[in-house]
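Q:
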C-alpha cells in the first residue's frame, strides 16, 4: 500500500495546486473533502474515515489540525506544509471569503470546518493570523527531529516539481507544474448538507470541543 501524503498547509497557500500536482504524479488525491460523511467523521473525532482510507493524498484544511493523530494512525506518511508570504495570503483570504455571511438558521459544512481551524467562519485578519502562527509553529516543532517526514513548500513563490519530486523520490513528469486558482467561496459551490437550527447548536458545540481538545 502506498504511503499517505497529508497536506498540512492552510487554504490559499497553494493547496489546490499541490493536490493537482499529486494527482499528476499518480496519487489518488482529494482536496478539502467537506462531504457529509467526512464532516460527520470530523465532528465525531474519527480520522479513520473513507476520505482518508480511499485516497493516497489529502490536501487543504479538513484534517490539517490533526497531524499528530494522522502520524500515529499512518506511520511513515509524508506531510507537506505549504507556506505563503503573509501579505499575499491575507489578500487571497480576503478575496476568497468576501461573499460569505453567517446565518443562525443554517451552516454549510465548509463553514464548520473553517471555524474549527481559524476560530471563525468569516475572514478576520487577527484570528487568521493567530491560527496561522499557532498551527505552523506546532507543525514545525512536532517534526523538528524528523525533517525527512516534513516538506515545506512555497508554491506561490515558485516551488514546483523539483522540490516536490525530490522529496517524494519520484521522477519529474513532463507536464508543467499546475497553478490552480480556485474561484472565491460561494454557497452554490458547497458540497454536503446544510446544518439546520437544532443541528447548528449541536455542531457548534461539537466543533468548539474539537477545536480546543488538543492544543496547536
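Residue numbers (our numbering): 167 to 382.
Glycine included, each C-beta is placed from N, C-alpha and C at the ideal position.
#1: Give me whichever residues DSSP pairs with residue 173 in a beta bridge.
#2: Please confirm if the region 210–222 is in contact with the region 243–253, defined as three or more CB-CB distances below 8 Å between the two stretches.
#3: Would DSSP call residue 195 helix, strand or coil?
#4: Scan the region 286–356 and note each continuous beta strand (DSSP E) run of 3 residues or more that stays entirely inside, going in chain order.
#5: Could you say if the region 324–339 and the region 194–204 meet the contact criterion of at least three C-beta pairs nearer than 8 Å?
#6: Who does residue 227 pair with in a DSSP beta bridge?
#7: Buried or exposed: which applies to residue 323, given that a residue is buried once 16 or more other Cβ atoms fall within 10 Å of its Cβ?
#8: With a threshold of 16 other CB atoms inside 10 Å of the CB of residue 267, please say whether the residue is buried or exposed.
#9: Would you check if the distance between the CB atom of residue 309 and the CB atom of residue 236 is smaller than 7 Å?
#10: Give every residue of the same chain whose Cβ lies closer than 6 Å to the Cβ of residue 250, excluding the five residues on either side of it in the sequence, and list them in chain order.
#11: Hey, would you say residue 279 sits closer than 7 Å to residue 228, going by beta carbons?
#12: Going by DSSP, what residue range makes up the alpha helix (DSSP H) through residue 202?
#13: Return the CA-CA distance between residue 189 and residue 286, expressed in angstroms with no decimal places.
#14: With the cut-off set at 7 Å, would you say residue 185 and residue 225 are in Cβ contact?
#15: With a Cβ-Cβ cutoff of 7 Å, do residue 255 and residue 289 count as a contact?
#16: Do you know offhand how far residue 284's Cα is from residue 168's?
#17: Using only CA atoms, which one of 174, 328, 331, 335 lies nearest to residue 247?
#18: Going by C-alpha to C-alpha distance, which of 220, 231, 333 sits closest to residue 302?
#19: Verify the contact flag: residue 303, CB atom, against every heavy atom of the ligand NAP, threshold strictly below 6 Å.
A: The short version:
#1: Residue 173 is bridged to 246.
#2: By the Cβ test, the region 210–222 is not in contact with the region 243–253, since fewer than three Cβ pairs between them sit closer than 8 Å.
#3: Residue 195 sits in a strand when the DSSP states are folded into three classes.
#4: As far as the region 286–356 is concerned, its whole beta strand (DSSP E) runs of at least 3 residues are 316–319.
#5: Touching, no, given that fewer than three Cβ pairs across the two stretches are closer than 8 Å.
#6: For residue 227, DSSP records no beta bridge to any residue.
#7: So residue 323 ends up on the exposed side.
#8: Exposed: under 16 other Cβ atoms inside 10 Å.
#9: No. Outside cutoff.
#10: Within the same chain, residue 250 has close Cβ partners 179, 322.
#11: With contacts defined as CB atoms closer than 7 Å, residue 279 and residue 228 qualify as a contacting pair.
#12: Counting along the chain, the alpha helix (DSSP H) containing residue 202 begins and ends at 202–209.
#13: Computed Cα separation, rounded: 31 Å.
#14: With a cutoff of 7 Å on beta-carbon distance, residue 185 and residue 225 are scored as near each other.
#15: Their beta carbons are not under 7 Å apart, which means residue 255 does not touch residue 289 by this criterion.
#16: The straight-line gap from Cα to Cα measures roughly 31 Å.
#17: Looking at the Cα atoms, 174 is the closest of the given residues.
#18: In terms of Cα proximity to residue 302, the closest of 220, 231, 333 is 231.
#19: The model depicted lacks the ligand NAP and carries no ligand whatsoever.
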